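Each residue of the sequence shown is one higher than the last, beginning at 1 in the working numbering. Notes follow once the structure below has been shown.
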Amino acid sequence: MYAPADRVIPSRSVLMRFLVRSWEYRHPHAWVRVRVVCGVFNLGLGVLLLASGPWLGPLAWLGLLPLAGAALIFWTARRLQASVQS
1 MYAPADRVIP SRSVLMRFLV RSWEYRHPHA WVRVRVVCGV FNLGLGVLLL ASGPWLGPLA
61 WLGLLPLAGA ALIFWTARRL QASVQS
């Protein structure tokens, strides 16, 4: 059975298969909103941890972890939204 040429679904990368569950494609716009809210939370937490350097001392560098997580969340939200639009 062959799919028409204009309906071929591009394969997802391994990273997208790992980060985005298949059931998130049922309501992608809602999941993009959830991911953006989580990304904003991680971004705020990371900035707060980095800004609290005088109180936390060397542990303030742990604020880079939520910032990296926020970047990954925003990237997956953008890819999820782009995969739905195409």
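A virtual CB, placed ideally from N, CA and C, is assigned to each residue, including glycine. Everything numeric in this text was worked out from a predicted model, so none of it was measured.
Open item on the list: For residue 62, tell me which candidate among 28, 47, 41, 73 has the shortest Cα-Cα distance.
Closed with: The shortest C-alpha separation from residue 62 is found at 47.
Task: Exposed unless 16 or more other CB atoms sit within 10 angstroms - verdict on residue 54 - done: Residue 54 counts as exposed, since fewer than 16 other C-beta atoms from the protein chains shown sit within 10 angstroms of its C-beta.
Open item on the list: Using a Cβ-Cβ cutoff of less than 7 Å, which residues in the same chain neighbour residue 50 once the five nearest sequence positions on both sides are dropped?
Closed with: Residues 60, 63 of the same chain have their beta carbon placed closer than 7 Å to that of residue 50, with the five preceding and five following residues left out of the count.
Open item on the list: Can you tell me whether residue 66 is buried or exposed? The criterion is at least 16 other CB atoms within 10 Å of its CB, across all chains shown.
Closed with: Buried.
Open item on the list: If contacts are defined as beta-carbon pairs under 8 Å, then residue 85 and residue 32 qualify, I think. What distance do you get, rounded to the angstrom?
Closed with: In fact, because the Cβ distance is near 11 Å, the residues do not count as touching under 8 Å.
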